[in-house]
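Right, one structure below, let's go through it.
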Amino acid sequence: MAERVVVVTGAAGGIGSAIARRFTADGDSAIGLDLLDGFDVTDPAACDDACAQVIAEHGRIDVLCNNAGISAVGDVVASTPDEWDRVFAVNVFGVANMSRAALPHLRRAPNGVVVNTCSVAASVGLVERAVYSAAKGAVLALTRAMAADEVVHGVRVNCVSPGTVWSPWVERLVAGSDDPDTSLDALRRRQPLGRLVGVDEVADAVAYLASPSTFTTGADFLLDGGITAVRLVEPGR
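Per my numbering, the very first residue in the sequence shown carries number -14; after that it's consecutive.
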């Protein structure tokens, strides 16, 4: 496969760094953008400038991975207006900002692709994840709307929806709980397969969706360990 130019937001996090490594290993040129490096997806001008710089240095953008995201814990009553604004600004408007900036360039690519990092929280109800679930639900709907709009331009748009990922954020969440061992066990048991999904597994799925040989658009690629489709019951019930 000829080298592609791949832009990855949230590239310093667990999933983002794994995505960048995977594309690099495949021989592509992965450009990582992250808040830790001063890049903010909530700033439309910053997104425009970042894409312009990629074009100036590489001449093209073939793949956009909208991976930057943040979470929040709490139900609707406990969640503050600031939390709603903060999570939607990154998880939803950030996807829109980067897509708006990159799509004119992706439309000129031979096989332009957008892969959004969504979540199983967009499809099932999870306790204490009201704001996060609502934002990821918007990402799923936006993915499908973008896929419909971009068909005429030859750009495929999909999203990957992991279950609970063993990532730095989950590590901090578990470590900060009253009983880390019990909390981690509960997260594992939430997946019928009995474990958390790894960041490299998510990166593999993103790479598959971005492959020119993948005949898929508007899809929600589930990596949920069976959460949405499998129900375990005790024998005899």
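For every residue, glycine included, the Cβ atom is placed at its ideal position computed from N, Cα and C.
Where the beta strand (DSSP E) containing residue i begins and where it ends
i, result
"F200", "Segment: none, F200 is in no beta strand (DSSP E) and carries neither H nor E."
"V80", "It is not in any beta strand (DSSP E) - V80 instead sits in the alpha helix (DSSP H) that spans F78 to L91."
"N101", "V98 to T102"
"T(-6)", "V(-10) to T(-6)"
Anticipated Cβ contact below 8 Å, residue i with residue j, distance rounded
i, j, result
"A133", "K121", "That belief does not hold up - the Cβ atoms of A133 and K121 are roughly 19 Å apart, past 8 Å."
"N143", "T102", "No, N143 and T102 are not in contact; Cβ-Cβ is about 11 Å, not under 8 Å."
"M131", "S198", "With a Cβ gap of about 21 Å, M131 and S198 do not count as contacting."
"P29", "N82", "5 Å"
"G211", "R180", "Incorrect: roughly 11 Å between the Cβ atoms, too far for contact."
"C36", "H90", "6 Å"
Status (buried if at least 16 other CB within 10 Å, exposed otherwise) for residue i
i, result
"R(-11)", "buried"
"M(-14)", "Residue confidence is low: M(-14) scores 47 on pLDDT, short of 50, so the model does not pin down where it sits. Its coordinate-derived value is still stated next. Its Cβ having fewer than 16 others within 10 Å, M(-14) is exposed."
"T(-6)", "buried"
"G54", "buried"
"L18", "buried"
"V(-8)", "buried"
"L21", "exposed"
"G1", "buried"
"G12", "exposed"
"D25", "buried"
"A195", "buried"
"R174", "exposed"
"A10", "exposed"
"R141", "buried"
"R157", "exposed"
"A137", "Checking the sequence shown, residue 137 turns out to be Val, not Ala. Under this definition V137 is an exposed residue."
N-terminal and C-terminal residue of the alpha helix (DSSP H) that residue i is part of
i, result
"T9", "G(-1) to A10"
Whether residue i touches residue j by CB criterion (9 Å)
i, j, result
"P153", "V182", "no"
"V184", "G(-1)", "yes"
"D108", "V124", "Per the sequence presented here, residue 108 reads as Ser, with Asp not at that position. Not in contact: S108 and V124 (Cβ atoms no closer than 9 Å)."
"T201", "L207", "no"
"V48", "V98", "yes"
"S64", "A(-3)", "no"
"P177", "R216", "yes"
"V191", "V77", "no"
"Q58", "E113", "The residue asked about is misnamed: residue 58 is Val in this sequence, not Gln. For V58 and E113, yes; Cβs fall inside 9 Å."
"A3", "A188", "yes"
"G44", "N96", "no"
"V75", "T27", "yes"
"F73", "A15", "no"
"P92", "E135", "Sequence inspection shows Arg at residue 92; the Pro mentioned does not correspond to that position. Going by C-beta atoms, R92 is nearer than 9 Å to E135."
"S168", "Y117", "no"
"A87", "I46", "yes"
Residue i: CB within 8 Å of a non-hydrogen atom of the ligand ADP
i, result
"E(-12)", "Looking at this structure, you won't find the ligand ADP or any other ligand, since it has none at all."
### Message
Give the list of continuous beta strand (DSSP E) stretches no shorter than 3 residues that lie fully inside the region 109 to 195.
### Response
141 to 147
### Query
Enumerated in chain order, which unbroken segments of the beta strand (DSSP E) with a length of 3 residues or greater are wholly contained in the region 16 to 63?
48 to 51
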